[in-house]
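Engineer: Input: one structure, supplied below.
Numbering (the working numbering), first residue to last: 46 to 253.
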């Protein structure tokens with residue numbers, strides 16, 4: 046029986062609208078982030094993070110348990126832009142070998158991730174899945190995306206910080222910036238965070 050892997054593709058929202066200096070700064074930040082991401086998630090990775098198409102990130106995970114945390118580690122580590130994260134489930138058509146980077150591989154998991162990414166762009170999703178064949182998962186991913194588009198920039202950054210895994214490499218953790226406890230509590234109430242967290246828990250359960 047073929048082994049299923051989980052390909053992640055991260056693509057910058059509206060990257061073509063970035064001015065040349067901003068795009069160059071983003072690409073430099075991406076290159077600087079790779080060692081941290083690969084070191085932090087080395088046990089979960091079947092193939093290393095690498096940059097493709099200038100400002101797109103790819104990695105391959107061994108199991109679905111790390112999908113949520115890795116996706117939000119990317120969002121928190123690279124907060125200057127918003128990210129579409131697409132995950133594809135399926136086998137590989139190429140062989141794994143030590144030190145391989147995700148873009149060197151191919152197979153149904155990557156095809157599913159690419160298909161999910163293209164659908165996400167058409168439908169304005171920021172989290173999308175392919176190869177899972179789970180309508181409930183797709184519905185919750187739409188819920189997640191609707192919350193994103195109906196949030197302010199500050200709320201989006203805070204949500205990423207609240208969702209980020211404890212060990213995420215991040216120079217600035219949104220939601221944990223210089224904000225006092227009272228202001229942070231107020232922000233959570235404004236965002237109805239307990240309800241959001243309950244939805245997140247269901248989404249994480251369906252992914253894994």
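All residues carry an ideal CB built from backbone N, CA and C; glycine is no exception.
For the candidate residues 107, 56, 131, whose alpha-carbon lies nearest to that of residue 160?
Structural biologist: The candidate whose alpha carbon is nearest that of residue 160 is 131.
Engineer: Fully enclosed by the region 111-166, which beta strand (DSSP E) runs are 3 residues long or longer?
Structural biologist: 128-135
Engineer: Leaving out five residues on either side along the sequence, give the residues of the same chain with a beta carbon under 6 Å from the beta carbon of residue 236.
Structural biologist: 200
Engineer: Taking just the CA atoms, how far does residue 46 sit from residue 220?
Structural biologist: Per-residue confidence for residue 220 stands at a pLDDT of 42, beneath the threshold of 50, marking its modelled position as unreliable; the derived number appears in the next sentence. The alpha-carbon atoms of residue 220 and residue 46 are separated by roughly 43 Å.
Engineer: If the criterion is Cβ atoms closer than 9 Å, does the pair residue 101 and residue 55 meet it?
Structural biologist: yes
Engineer: Of the residues 71, 50, 123, which one's Cα is nearest the Cα of residue 82?
Structural biologist: 123
Engineer: Can you tell which of 85, 68, 151, 116 has the C-alpha that lies nearest to the C-alpha of residue 174?
Structural biologist: 116
Engineer: Compare the C-alpha of residue 154 against each of 141, 133, 138 and name the closest.
Structural biologist: 133
Engineer: Name, in chain order, the residues that DSSP records as bridge partners for residue 168.
Structural biologist: Beta-bridge pairing links residue 168 to no other residue.
Engineer: Would you say residue 75 and residue 48 are within 9 Å of each other, going by their C-beta atoms?
Structural biologist: Taking 9 Å as the Cβ cut-off, residue 75 and residue 48 do not qualify as a contacting pair.
Engineer: For the beta strand (DSSP E) holding residue 97, just list the boundary residues, first then last.
Structural biologist: 90-97
Engineer: Anyone know if the C-beta pair for residue 93 and residue 147 falls short of 9 Å?
Structural biologist: yes
Engineer: If you reduce the DSSP assignment to three classes, tell me which class residue 57 lands in.
Structural biologist: strand
Engineer: What three-state label does DSSP hand residue 102 in the structure shown?
Structural biologist: In the structure shown, residue 102 sits in a strand (DSSP, three-state: E or B).
Engineer: CB-CB under 6 Å to residue 114, same chain, minus the five flanking residues each way: which ones, in chain order?
Structural biologist: 210, listed in sequence order.
Engineer: Of the choices 72, 60, 193, 226, whose alpha-carbon is the least far from that of residue 241?
Structural biologist: Minimum Cα distance to residue 241 is reached at 193.
Engineer: Under the rule that 16 or more other beta-carbon atoms within 10 Å means buried, what is residue 176, buried or exposed?
Structural biologist: buried
Engineer: Tell me whether residue 206 is buried or exposed, calling it buried when 16 or more other Cβ atoms sit within 10 Å of its Cβ.
Structural biologist: buried
Engineer: Looking only at C-alpha atoms, which of 187, 247, 239, 68 sits nearest to residue 99?
Structural biologist: 68
Engineer: Taking the C-alpha atoms as reference points, what is the distance between residue 79 and residue 60?
Structural biologist: 19 Å
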